[in-house]
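The numbering of the sequence shown is my numbering, which starts it at 601 and goes up by one. Positions of the beta carbon are idealized from the N, C-alpha and C atoms, including for glycine. Scroll down for the structure; my scribbles are underneath it.
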Amino acid sequence: MAFLRTTLVLVAVTLLLTADLTEGKKRKHRHRSREHSRENSRENSRGSSEESSRDSSSEESGEQDSERLDKLEELIKKQQEEIKALQDDNKVLKDKINAQANTTDNLEEQIDSLQQEVEMCKYDVSDLADELKTLKNDTEDLKDALDSQKAEIEELEAEVDELAECCAETAAGDDGFFIPLVREEDAEGEEVLPK
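Following this line, the structure appears as structure tokens:
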């Protein structure tokens with residue numbers, strides 16, 4: 601926006617200076633034509649001294665107009681150079697803006713990719729949470745099974761202790777202990793004692 605305002609101001613000044621330059625040239629041309637007509641009319645009515653003074657004043661006025669026109673041309677040239685420099689700066693700024701736009705597009709693509717990865721990580725975390733929950737349930741089941749096996753082992757140990765006591769009493773000759781005999785059958789179906 602600042603560049604546009606500066607450009608408009610410079611263009612306006614250039615137009616004004618160009619108008620002044622054109623007006624100065626027209627005035628100079630009119631002035632010369634008037635002087636020429638006046639000189640023609642005054643040649644017949646006035647003396648040579650008056651003509652020389654008028655010639656010198658017209659020459660001075662013409663020189664002043666010429667100097668003024670030269671200054672205006674230099675000023676216009678400088679302003680044109682400034683406008684060109686501003687246009688070059690504007691081009692550089694546009695290139696920078698385009699580069700930044702490309703960088704922004706690349707960053708947006710990277711952000712989209714990262715967001716997709718985050719979503720995938722969320723799914724992975726959810727799956728891991730489900731697996732962890734399953735493992736916890738399996739652990740509870742294993743604990744229950746282990747407790748049950750411990751109880752069975754304790755029962756078996758108690759039975760083993762009882763059998764050991766029975767064996768010890770039998771070895772000591774305790775008649776109160778009775779071990780039932782396993783009966784066998786012969787070929788005819790009669791029961792016989794084992795050998």
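Check, Outcome
"Whole-angstrom distance between L675 and R668, CA atom to CA atom", "11 Å"
"Q680 vs T614 beta-carbon contact at 9 Å", "yes"
"Close Cβ partners of T734 (< 6 Å) along its chain, the five nearest in sequence each way excluded", "none"
"DSSP-derived helix/strand/coil call for F778", "Residue confidence is low: F778 scores 49 on pLDDT, short of 50, so the model does not pin down where it sits. Its coordinate-derived value is still stated next. Correct three-state label for F778: coil."
"Cut-off 8 Å between Cβ atoms - residues of its own chain near L616, not counting five sequence neighbours on either side", "none"
"Exposure of A612, with buried meaning 16 or more beta-carbon neighbours within 10 Å", "exposed"
"Chain-order list of residues whose beta-carbon lies under 6 Å from that of N706 (same chain, five-residue window excluded)", "none"
"Cα-Cα separation, Q716 to L742", "39 Å"
"Any beta strand (DSSP E) of 3 or more consecutive residues that is wholly inside the segment 692–757", "none"
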